[in-house]
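**Student:**
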Amino acid sequence: MNVIDVIEKENMKTEIPKYSVGDQVDVSIKIKEGEKERTQIFSGLVIAKNGGGIRETFTVRRIVQGEGVERVFPIHSPKVLDVKVKKSGKVRRAKLYYMRERTSKGIRLKEKKRPIKDIQGS
Numbered sequence: 004m005n006v007i008d009v010i011e012k013e014n015m016k017t018e019i020p021k022y023s024v025g026d027q028v029d030v031s032i033k034i035k036e037g038e039k040e041r042t043q044i045f046s047g048l049v050i051a052k053n054g055g056g057i058r059e060t061f062t063v064r065r066i067v068q069g070e071g072v073e074r075v076f077p078i079h080s081p082k083v084l085d086v087k088v089k090k091s092g093k094v095r096r097a098k099l100y101y102m103r104e105r106t107s108k109g110i111r112l113k114e115k116k117r118p119i120k121d122i123q124g125s
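Here my numbering is used: the first residue of the sequence shown is 4, the next is one more, and so on.
#1: For the beta strand (DSSP E) that contains Glu73, what are its first and last residues?
#2: Is Gly69 near Gln27, with beta carbons less than 8 Å apart?
#3: Three or more C-beta pairs under 8 Å: does that hold for the segment 15-24 against the segment 35-45?
#4: When you compare only the Cα positions, how much space is there between Lys16 and Leu48?
#5: At which residues does the beta strand (DSSP E) containing Ile110 begin and terminate?
Right, dumping it as structure tokens:
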């Protein structure tokens, strides 16, 4: 192993949240304002996952005051505290870039059916 691989292994998170493209998620982010630190939640639709290993990222899109806002989050960043899945959407593509042109009802995705054991466990 070379030096880069060793450094990457040290900085990788041990527990990676389970989510997929098409999921409605809440991403908790640590924000530093001057001396204070606080947690901010960015909620939206996961439209893409990119990369692998320590370079793995995911793109979340949401609509704020009629304007689409996208943000790319590195999974292994210390600023990304948690990713919670609110809903799982049924999709057939790896990248949902077509959602950028959609508005109002066109943004909705069908909900993915979950096995009974998952529902009882919640």
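Built from N, CA and C at the ideal position, the CB exists for glycine as well.
**Tutor:** On the basis of the data shown:
#1: Your numbering for residue 73 matches position 70 in the sequence shown. Unbroken beta strand (DSSP E) run through Glu73: Glu70 to Pro77.
#2: The count along the sequence shown starts at 1 and reaches residue 69 at position 66. The count along the sequence shown starts at 1 and reaches residue 27 at position 24. Not in contact: Gly69 and Gln27 (Cβ atoms no closer than 8 Å).
#3: no
#4: Translated into the one-based positions of the sequence shown, residue 16 becomes position 13. Translated into the one-based positions of the sequence shown, residue 48 becomes position 45. About 23 Å.
#5: Numbered from 1 along the sequence shown, position 107 holds the residue referred to as residue 110. Taken as a continuous stretch (DSSP letters only), Ile110 belongs to no beta strand (DSSP E), as it is neither H nor E.
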